[in-house]
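Top to bottom, those sequences are chains A and B.
Mapped onto full-length UniProt numbering, the consecutive letters of the first sequence carry residue numbers 1 to 214.
Mapped onto full-length UniProt numbering, the consecutive letters of the second sequence carry residue numbers 1 to 214.
Number of protein chains: 2
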Amino acid sequence: MSSDTRDRLLQGTIDALRTQGIAGVSARTIAAAAGVNQALVFYHFGSVDELLAAAAMWSTEQQVAAYREPFERVRSLRELQKVGRELHTRESAAGNVTVLGQMLAGAQTNPAFAAATRDALALWTVEIERVLARVLADSPLGEVADVPGLARAVAASFIGMELLAAVDPEGDKAAFRALDQLGALLEYLDDLGPASRAAARRAVRTAVRRSVRA
Amino acid sequence: MSSDTRDRLLQGTIDALRTQGIAGVSARTIAAAAGVNQALVFYHFGSVDELLAAAAMWSTEQQVAAYREPFERVRSLRELQKVGRELHTRESAAGNVTVLGQMLAGAQTNPAFAAATRDALALWTVEIERVLARVLADSPLGEVADVPGLARAVAASFIGMELLAAVDPEGDKAAFRALDQLGALLEYLDDLGPASRAAARRAVRTAVRRSVRA
DNA sequence: GTCTATAGCCGGATAGAC
DNA sequence: GTCTATCCGGCTATAGAC
């Protein structure tokens, strides 16, 4: 059946990307991982590059759907960190975030990949924006924060740390601990009284204006 | 002269990595970029992989040396952000950070690359640790912060955002603006009076203990 | 140290049988 | 839709002349 083979190829592409990396994927390695004939890559997707682009979107859509519900339940920065940590632990073991890292690396020198990767990444940032907007709604940051920008910073940092984890697991753990501290500091600001919060708000506003000029 | 050819190959590797990515580098593309014969890759470095590992260290050593002085002059979080932004702008245009991203992508499936990339990355984190320790010395964060962890988070995020910049320049700009806001918030904490700072310190300590248990 | 030449493998992609 | 067979180009690596 056609749609079955298509799905096998998409999943095979993700598996190949995970085990071989962007430098090691080929129509042959993908077909082997998918358990189908090599020529079918070209019949169904035209070229290896087009298959890679399609697989990035396909895989990301599935993952984002799986985390939509946990994200919905998040009500505080602390809970967001907890979900983020779980996502990192689970998907790091499954190797699903690495796939985006590999695509991102390939995208640096391949405009077609760049478009596909940007779209796949956008699926994540949309969700992160939603959560951040809700979580920051009551904090001093919420009124001035560039939530879309923050969402992109979170997504980019996440991928960077995912790539780091493979070469330096201890460093990765330490980095996550440090980010927890940062979150704790921000939550502390939320718990300040009205006067201090107003001062914090002013400080951030001033700093933002300064950074926009720079 | 031998050392001349070695250097040409090292620089050619960086150039090839920048223009072709990890998926596109080969003894042939490297030799072409270096302007030397292809067989010299194997004479001087044994294999393409060994040349890539050597080039990652070689290039990173140069870059870190170039930023040692600006880093030395940094006295506040604000100044650190300014230097970081300059580094991002300049090296993004020159494509020197992308090289580490490409190595990191290759390292996910190649243990030899992983070791080389960890070592190259360590050159950066050592410098960042030094600056962070100095900058945070007088803040509530300084006493409890996991400075090595924070340095690794900064390095990983930097590479993630560098990779993002190529596929989404606007998103990258927005992400940097958001991080400036974060820095502004942290600086605000530094400017609090002694009573508030003591409270912030306690909040962070409690949160850190909580996150260590988790 | 540097070059040419080449062995031998793996890659993308297609033609054409079924 | 799926398969086999194949073209052809680029790849790593080495042998051997200079």
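By construction, the Cβ of each residue, glycine as well, lies at the ideal position given by its N, Cα and C atoms.
- The Cβ of A:Ser157 sits closer than 8 Å to at least one Cβ of chain B.
- The continuous alpha helix (DSSP H) containing B:Ile159 extends over residues Val147 to Val167.
- Nearest CB-CB separation between B:Gly160 and chain A: below the 8 Å threshold.
- Against chain A, the beta carbon of B:Leu104 has neighbours under 9 Å at Gly101, Ala105, Gly160, Leu163, Leu164, Ala166 and Val167, listed in chain order.
- DSSP places A:Arg134 in the uninterrupted alpha helix (DSSP H) bounded by Pro111 to Leu136.
- At the C-beta level, B:Arg78 and B:Gly183 come within 8 Å of one another.
- In the DSSP annotation of this structure, the continuous segment of the alpha helix (DSSP H) that includes A:Ile30 starts and ends at Ala27 to Ala34.
- Non-local beta-carbon contacts of A:Val64 in its own chain, meaning distances under 7 Å to residues more than five positions away in sequence, involve Leu123, Trp124 and Glu127 in chain order.
- With a threshold of 8 Å between beta carbons, A:Ser196 makes contact with chain B.
- The beta carbon of B:Gln20 falls within 8 Å of a beta carbon belonging to chain A, placing the residue at that interface.
- Collapsing the DSSP output to three states places A:Ser3 in a helix.
- Rounded to the nearest angstrom, the gap between the Cα atoms of A:Ala203 and A:Ala165 is 35 Å.
- Listed along chain A are Ala174, each with a C-beta nearer than 7 Å to that of B:Pro148.
- The beta carbon of A:Glu187 sits closer than 8 Å to those of Ser76, Leu77 and Arg78, all from its chain and outside the five residues before and after it, given in chain order.
- If you look at B:Asn96, you'll find it in the alpha helix (DSSP H) that goes Asn96 to Ala107.
- In this structure, the beta-carbon distance from A:Ala116 to A:Leu100 does not fall below 8 Å.
- Residues of chain B with a Cβ closer than 7 Å to the Cβ of A:Arg28 do not exist; the shortest Cβ-Cβ separation is about 15 Å.
- One thing to note: A:Leu163 has its Cβ within 8 Å of the Cβ of B:Gln108.
- No Cβ of chain A is located within less than 8 Å of the beta carbon of B:Val83.
- Within the same chain, Thr125, Ile128, Glu129 and Leu132 come within 7 Å of A:Ala151 by CB-CB distance, once the 5 residues on both sides are set aside.
- Neighbours of B:Ala114 in chain A, taken as residues whose beta carbon is under 7 Å from its own, are Ala166 and Val167 in chain order.
- Taking a 10 Å sphere around the C-beta of B:Thr29, we find 16 or more other C-beta atoms and assign the residue as buried.
- Using beta-carbon distances, B:Thr60 does not count as an interface residue toward chain A, since no partner is under 8 Å.
- Straight-line spacing of the CA atoms in B:Ser92 and B:Asp15 works out to 14 Å.
- Close CB contacts of B:Phe42 within its chain, under the 8 Å cut and outside five residues either way in sequence, are with Ala27 (chain order).
- The residue from A:Arg68, A:Val135 and A:Gln181 with its alpha-carbon nearest to that of B:Pro148 is A:Gln181.
- The contact set of B:Arg118 on chain A, defined by CB atoms closer than 7 Å, consists of Val167 and Asp168 in chain order.
- Residue state for B:Ser59 is assigned as helix, using DSSP reduced to three classes.
- In this structure, the CA atom of A:Phe158 is about 43 Å from the CA atom of B:Ser2.
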